[in-house]
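Chemist:
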Amino acid sequence: MSCRICFEEESGNNLFVSPCACKGDAGMIHEKCLKKWIQTSDRTTCEICNEDYCQKDVPSIQIKKYISGCVQLECNQPNLKLFLASMMVSSSIFLTSNVYDLTLFTSVTTGVMYFCAIAFFVGKYFGSENVFSMDSLLIWKFSFTICLFLSVVFISLNNFSVCQDLCFVQELKACNASCFNYHNIYKDERNSLVKLFVFDLINLGCIIIIRAFILCHKYNKKTVFTNYHEEESQEPLLPEV
């Protein structure tokens with residue numbers, strides 16, 4: 001008896017399965033051959049008997065598959081639009097705000113992002129996974145962090161320029177640590193901006209960890225095939241009353 005795909009016999013590490021209604025040699029397939037056939041043909045039904053293959057997902061540690069899934073982002077058109085829209089809105093707000101407004105806006109946005117992460121985690125078990133994805137949330141967070149970084153650099157350079165001008169006008173010298181304006185205009189706000197950016201980086205790391213935790217269930221599993229006739233024999237002949 002040989003596999004109907006590769007025409008080779010059964011071996012110890014490559015066993016036969018009979019996952020469809022086909023009988024005899026036509027119903028015997030190597031499990032590895034069947035997996036490759038499903039991946040290449042993109043169909044889950046037998047091309048001969050048109051029955052669905054008997055398969056199920058079981059928990060299994062798949063380190064390479066899990067790491068590959070975690071580092072990949074779904075860069076489709078909706079996510080690209082979300083990235084660009086977030087960049088435009090965040091940039092317009094950041095570049096017209098002071099350090100206190102930035103702190104408030106960052107805190108509110110971070111809270112909304114955590115709420116979305118929890119909503120996705122809960123909605124995942126109610127069949128609404130396609131409505132929102134952790135990839136969309138992470139892309140939104142990346143765009144927010146990029147805008148915040150650029151704003152921190154811009155505001156710091158602008159404050160230093162203002163401090164330089166005031167020191168030159170008031171004391172006719174370049175701004176340095178001994179200047180009064182250095183601490184009031186430049187150093188204090190710079191420290192506040194650095195703390196704000198570090199806070200945002202920590203939250204970015206938390207979002208990445210939450211996404212990795214949610215994807216753990218998605219990628220740490222494998223598909224196994226069962227024999228069609230065994231599944232058929234397990235079905236009750238009469239409905240339970």
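Each residue of the sequence shown is one higher than the one before, counting from 1 in this note's numbering. Built from N, CA and C at the ideal position, the CB exists for glycine as well. Since this is a predicted model, take the numbers as computed values, not measurements.
Below 8 Å between beta carbons: does that hold for K196 and L95?
Modeler: At residue 196 the sequence reads Leu, which differs from the Lys that was named. Taking 8 Å as the Cβ cut-off, L196 and L95 do not qualify as a contacting pair.
Chemist: Specify the secondary structure class of D42 as computed by DSSP and reduced to three states.
Modeler: Coil at D42, not helix or strand.
Chemist: Please state if the CB of T106 and the CB of L138 are separated by a distance shorter than 8 Å.
Modeler: Against a cut-off of 8 Å, the Cβ pair of T106 and L138 comes out as no contact.
Chemist: Please name the residue, chosen from S68, I29, C46, E51, that lies closest to N220 on a Cα-to-Cα basis.
Modeler: Ranking S68, I29, C46, E51 by Cα distance to N220 puts S68 first.
Chemist: Restricting to Cα atoms, I'd like to know which of D200, C206, N98 is closest to N159.
Modeler: Considering only alpha carbons, the answer is N98.
Chemist: May I ask you to report which of helix, strand or coil DSSP gives N14?
Modeler: In this structure, N14 counts as strand in the three-state DSSP scheme.
Chemist: What three-state label does DSSP hand I214 in the structure shown?
Modeler: The answer is helix: DSSP assigns I214 an H, G or I state.
Chemist: By the 10 Å Cβ neighbour count, where 16 or more other Cβ atoms means buried, how is C3 classified, buried or exposed?
Modeler: Classification of C3: buried, given that the 10 Å Cβ count is 16 or more.
Chemist: What do you get for M1, buried or exposed, if any count of 16 or more other CB atoms within 10 angstroms of its CB means buried?
Modeler: Answer is exposed; the Cβ neighbour count stays below 16.
Chemist: Going by CA-CA distance only, name the one from P19, I29, K23, C20 that's closest to E10.
Modeler: If we check each option's Cα against that of E10, I29 comes out closest.
Chemist: With a floor of 4 residues, list each alpha helix (DSSP H) that falls wholly inside the region 49-81, ordered by position along the chain.
Modeler: If we require 4 residues or more, the alpha helix (DSSP H) runs fully inside the region 49-81 come out as 63-71.
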